[in-house]
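Position in the sequence shown counted from 1, then plus 1, gives you this note's numbering. Take a look at the structure set out below.
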Amino acid sequence: MAKLLYIKANPKSNQSSRTFIISEHFIKVYKEFHPNDQIITLDLYKEGIHFLSQEDINNIFAPKTEESKHHHILKYAYQFAEADKYVFAAPMWNLGIPAILKAYIDYITVSGITFKYTEQGAVGLLHGKKAVHIMATGGEYKTPPFSDFEMANRYLKTILGFMGVEDFQTITAQRLDIVGEDVEKIISNALKEAEEIAKGF
């Protein structure tokens, strides 16, 4: 039985978020094809994720003990390390990821839990795991010059790779705010892609 961590980074409801419309469909299909897997939903806004304080930073860099697993910040890093698969439902905001997702990444990118330092430098500890990022965008960021502006999906792929997660896929619904676009068709195509990826994820 695999453990999937479903990370939601948008304050909107499942019905009003275009990202969540796609991600919820992904999860629905995933459940149908992987009925024995455990799915843990982590809504970052409901969790009350905040920016790290000086005390939080001190705890992150302190030696880890058994009690560390129950620390209000470090528990997220341990939870992330224990999962086998990750589904990130996060829209593009101002060319990047929502700030609350970056705050969460600061919670989970912890030396000794999700990566470690060696004589050769930093080494990820999450090898063999896989991730998918589901993202809605208002504009088009697939080709230059606008592809250079895209710092949401590229960052997420990079930081997960830093932690050892190399199996990374992306499902995007782009051009949703472009005047004249058929938004329903764009989302419908993304739903079909999500369905196909979910079956084999």
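Using N, Cα and C, we set each Cβ at its ideal position, and we do this for glycine too. From a predicted model like this one, the values you see are computed outputs, not experimental measurements.
Given this structure, state the Cα-to-Cα distance separating residue i from residue j, to the nearest angstrom.
i      : j      : result
Ile135 : Lys86  : 14 angstroms
Phe27  : Pro92  : 15 angstroms
Glu151 : His35  : 32 angstroms
Thr138 : Thr115 : 29 angstroms
Asp168 : Leu161 : 9 angstroms
Phe147 : Leu96  : 10 angstroms
In its own chain, which residues sit with a C-beta less than 6 angstroms from the C-beta of residue i, not counting the 5 before and 5 after it?
i      : result
Thr173 : Met136
Leu53  : Asp107
Gln80  : none
Ile8   : Leu43 and Phe89
Should residue i go down as buried or exposed, given a rule of 16 or more other Cβ atoms within 10 Å for buried?
i      : result
Pro99  : buried
Lys29  : exposed
Ile200 : In the sequence on display, residue 200 carries Lys and not Ile. Result: exposed.
Asn11  : buried
Ser69  : buried
Glu120 : exposed
Between residue i and the rest of its own chain, which residues show a CB-CB distance below 8 angstroms, the 5 nearest in sequence each way excluded?
i      : result
Glu194 : Ile172
Asn154 : Met93, His134, Met136, Thr171 and Thr173
Phe21  : Lys9, Asn11, Lys13, Ser14, Asn15 and Ala90
Would residue i pass as an interface residue toward chain B - the criterion being a Cβ-Cβ separation below 7 angstroms?
i    : result
Lys9 : Reference to chain B is not applicable here, since this structure consists of a single protein chain.
Using a Cβ-Cβ cut-off of 7 angstroms (strictly less than) and excluding sequence neighbours within five positions of residue i, which residues of its own chain qualify?
i      : result
Met2   : Asn37, Asp38 and Gln39
Leu157 : Phe89, Ile98 and His134
(request) Inspect the CB distances between the segment 72-81 and the segment 102-110 and report whether three or more fall short of 8 angstroms. (result) yes
(message) Three or more C-beta pairs under 8 angstroms: does that hold for the segment 48-62 against the segment 125-144?
(response) no
(request) At 4 residues or longer, and completely inside the segment 75-135: list those alpha helix (DSSP H) runs for me, N to C. (result) 75-83 and 100-109
(request) Could you pull out every unbroken alpha helix (DSSP H) segment of at least 4 residues lying fully inside the segment 24-51, listed in chain order? (result) 45-48
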